[in-house]
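If you're matching positions, the sequence shown starts at 1 in the numbering used here and goes up one per residue.
These notes concern the structure reproduced below.
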Amino acid sequence: MVFYSTRSKAHTADSTEAVLKGIAPDGGLYTPVDFEQMRVDIGALLNMSAVEISAEVIGKILSDFTPEQMRALIEAAYDGKFETEDLTPVEKVGDDFVLELFRGPTSAFKDVALSVLPRLITAAKDVLGVKDEIVILTATSGDTGKAALEGFHDVPGTRIVVFYPDGGVSDVQKAQMVTQAGNNVGVCAVKGNFDDAQTGVKNIFADDEQNRWAAENGARLSSANSINIGRLAPQVAYYFKAYCDLVLRGEIRLNDPVNFVVPTGNFGDILAGEFARRMGLPVAKLVCASNANNVLTDFIRTGVYDRRREFYKTASPSMDILVSSNLERYLFLASGGDFELVAGLMADLRDKGVYTAPESLMQEMRDHFSAGCADDAAALDAIGRVWREHGYLMDTHTAVGWAVLEQFKANEDNGWVNVVLSTASPYKFSRDVLSAITDDVPESGFGAMDKLNAITGVPVPAALAALREKEPRFTDCVEKDEMLEYVKERLK
């Protein structure tokens, strides 16, 4: 399988190289174009376990790993780490469905991919005969950081540094990161927002590509963000798994289309759904759900991507993003692989803060995507109503998805089954979730966790409950323009 940089036909890689590099030398994102070669026989998946479905689907995308290699690394990645062998169960809530992606070790959907990525990277090193240490650089808006740290800690031949926006994650998310065990891990706050941290990481890659300082220290840089195709590929599998669950339970017939509602900020999780659609999954609509930072909603509706807007810190911090990196991959696919167009749009975004996509591309997008947004008030209202009416407890990000689902059903209902992707445990955002149910909310995130458990009876994930006993290991905080020197110093 050949992967192309989204910005230049001069840069290609096979899947092992794409996983190991993370980002292309020109700053583009490695992307496949031959989806016919990756078509999945959904009927054949129906009798498979969650692990078998993952191995089959990921193997179609990353085809330079042998089926035996892929099956072995998927089994090792998931064995004993999730609350259920089902990995990503589907729950019926009223007339609709919730795909629970938070049953992994850090209680967030990123676990599905970041349990796999470290093993993909070490396997790719073996295939390519690479001896250098792989240094993972990751920016996080909350959940990626902890999931990446958990996945990579003490993995031989790797180191990881995670940057998060200072004051831009929940108490629980911060505690998860700064208490992380492992001799090869580092965590640093950035004075700025997630976009500042993400841009800083991309700039570090670009500087190393030009000046080759990582190699001088016996290292190669790579990424655990969804700019790495090895992070994105495992997310495709749970769309197929959810569809198979609905068929097996008699909720739909094989080949019936399904709507997937995806709360997203960086466009990675919903792009995985687009990959699944192109690989043969019957998707009616992918509904992009944004919070108050609704740059994606505006883009899908108008064709204008404009990051020159007020940035809001919301109750769904993992979606507090104005520069959605994975949208670049979609622009490349929807334009038929137009390198020059994508490179030009990304240059406009960098230099002007805005770009306008061609109408033909936007029509292609609107054929398959819908979009909506919900602010904190709408999300908290959804949490309260769904708990009272259905006894189901959602986190703040899932609630954005639910509120947008209600908008979709009111305005664009196409009659097909709806699945909302649930991205995190409600206990990662205990204070905000509790405030949707009662006015009496403790100041402490852990106090709110206890009270939320007492009121709802929903079990607290063991790893989250144990956080209060752990001491912080990492207190570093840098300005956004100090990130490069921080990484260089750590490599020394």
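In this text, a Cβ means the ideal position worked out from N, Cα and C, and glycines have one as well.
Next on the checklist: Are the CB atoms of residue 239 and residue 260 within a distance shorter than 8 angstroms?
Outcome noted: yes
Checklist entry - Considering only the beta carbon of each residue, do residue 115 and residue 81 sit closer than 8 angstroms? => result yes
Item to check | Neighbourhood of residue 84 by C-beta distance below 8 angstroms, restricted to the same chain and skipping five residues each side | outcome: If the five residues before and after residue 84 are omitted, its C-beta is found closer than 8 angstroms to the C-beta atoms of 103, all from its own chain and listed in chain order.
Checklist entry - Which residues bound the beta strand (DSSP E) around residue 92? => result 90-93
Next on the checklist: Quick check on residue 91: buried or exposed, where buried means 16 or more other Cβ atoms within 10 Å of its Cβ?
Outcome noted: The Cβ neighbour count for residue 91, taken over all protein chains shown within 10 Å, is under 16; the residue is labelled exposed.
Item to check | CA-to-CA distance, residue 122 to residue 157, given in whole angstroms | outcome: Rounded to whole angstroms, the gap between the alpha carbons of residue 157 and residue 122 is 8 angstroms.
Checklist entry - If you pair each beta-carbon of the region 256-270 with each one of the region 325-345, do three or more pairs fall below 8 angstroms? => result yes
Checklist entry - Which residue or residues does DSSP assign as beta-bridge partners of residue 221? => result 135
Checklist entry - How about residue 317 and residue 186: are their beta carbons less than 8 angstroms apart? => result no
Item to check | Alpha carbon of residue 26 to alpha carbon of residue 486, nearest angstrom | outcome: Residue 26 and residue 486: Cα-Cα distance of roughly 23 angstroms.
Item to check | 6 angstroms CB neighbourhood of residue 312 in its chain, flanking five on each side removed | outcome: 292, 293
Checklist entry - Given that a residue counts as buried once 16 or more other Cβ atoms are within 10 Å of its Cβ, and exposed if not, what is residue 216? => result Of the other Cβ atoms in all chains shown, fewer than 16 fall within 10 Å of the Cβ of residue 216; this residue is therefore exposed.
Checklist entry - Taking one C-beta from the region 350-363 and one from the region 420-437 each time, how about it: are there three or more such pairs within less than 8 angstroms? => result no
Checklist entry - When the Cα of residue 290 is compared with those of 320, 302, 144, 309, which residue comes out closest? => result 320
Item to check | Ordered list of alpha helix (DSSP H) runs contained in the region 364-399, each at least 4 residues | outcome: 376-390
Checklist entry - Quick one: Cα of residue 484 to Cα of residue 231, how far? => result Each residue's Cα considered, the two are about 23 angstroms apart.
Checklist entry - Residues in its own chain within less than 6 angstroms of residue 64 by CB, not counting five upstream and five downstream? => result Cβ-Cβ distances below 6 angstroms link residue 64 to 14, 15, 16 in the same chain, with the five nearest sequence neighbours on each side left out; the list follows chain order.
Item to check | Rounded separation between residue 495 and residue 29 - CA only | outcome: This structure does not reach residue 495, given that the chain is present from 1 up to 492, and the question cannot be answered.
Item to check | Close beta carbons around residue 459, own chain, < 8 angstroms, minus the five adjacent residues each side | outcome: 453
Next on the checklist: Does the structure place the region 198-208 close enough to the region 220-227 that three or more beta carbon pairs sit under 8 angstroms?
Outcome noted: Yes, since at least three Cβ pairs between the region 220-227 and the region 198-208 fall closer than 8 angstroms, the two stretches touch.
Next on the checklist: Just to check my reading of the structure: residue 110 and residue 144 have Cβ atoms closer than 8 angstroms, yes? What is that Cβ distance to the nearest angstrom?
Outcome noted: 5 angstroms
Item to check | From 141, 40, 280, 444, residue whose alpha carbon lies closest to that of residue 397 | outcome: 141
Item to check | Where residue 460 falls: helix, strand or coil (DSSP) | outcome: coil
Checklist entry - Distance, Cα to Cα, residue 78 vs residue 471? => result 28 angstroms
Next on the checklist: Our contact map puts residue 488 next to residue 213 with C-beta atoms below 8 angstroms; I'd like the distance itself, whole angstroms only.
Outcome noted: 6 angstroms
Checklist entry - To which residues of the same chain is residue 403 closer than 7 angstroms at the C-beta, ignoring the five residues directly before and after it? => result 374, 378, 379, 382
Next on the checklist: Distance check for residue 7 and residue 106, CA to CA, integer angstroms please.
Outcome noted: When rounded, the distance between both Cα atoms is 34 angstroms.
Item to check | Sheet register partners of residue 103 (DSSP bridge) | outcome: Paired residue(s): none; residue 103 is not in a bridge.
Item to check | Ranges of the alpha helix (DSSP H) found wholly within the region 258-288, counting only runs of at least 4 | outcome: For the region 258-288, whole alpha helix (DSSP H) runs of length 4 or above, ordered along the chain, are 268-278.
Next on the checklist: Using a 10 Å radius around the Cβ and a threshold of 16 neighbouring Cβ atoms, would you call residue 370 buried or exposed?
Outcome noted: buried
Checklist entry - Along the chain, where does the beta strand (DSSP E) that runs through residue 31 open and close? => result 30-32
Item to check | Nearest residue (CA-CA) to residue 446, options 129, 431, 455 | outcome: 431
Checklist entry - Based on the DSSP secondary-structure assignment, which residues constitute the bridge partners of residue 159? => result 135
Checklist entry - First and last residue of the alpha helix (DSSP H) that includes residue 178? => result 171-178
Checklist entry - Helix, strand or coil: how does DSSP classify residue 418 here? => result strand
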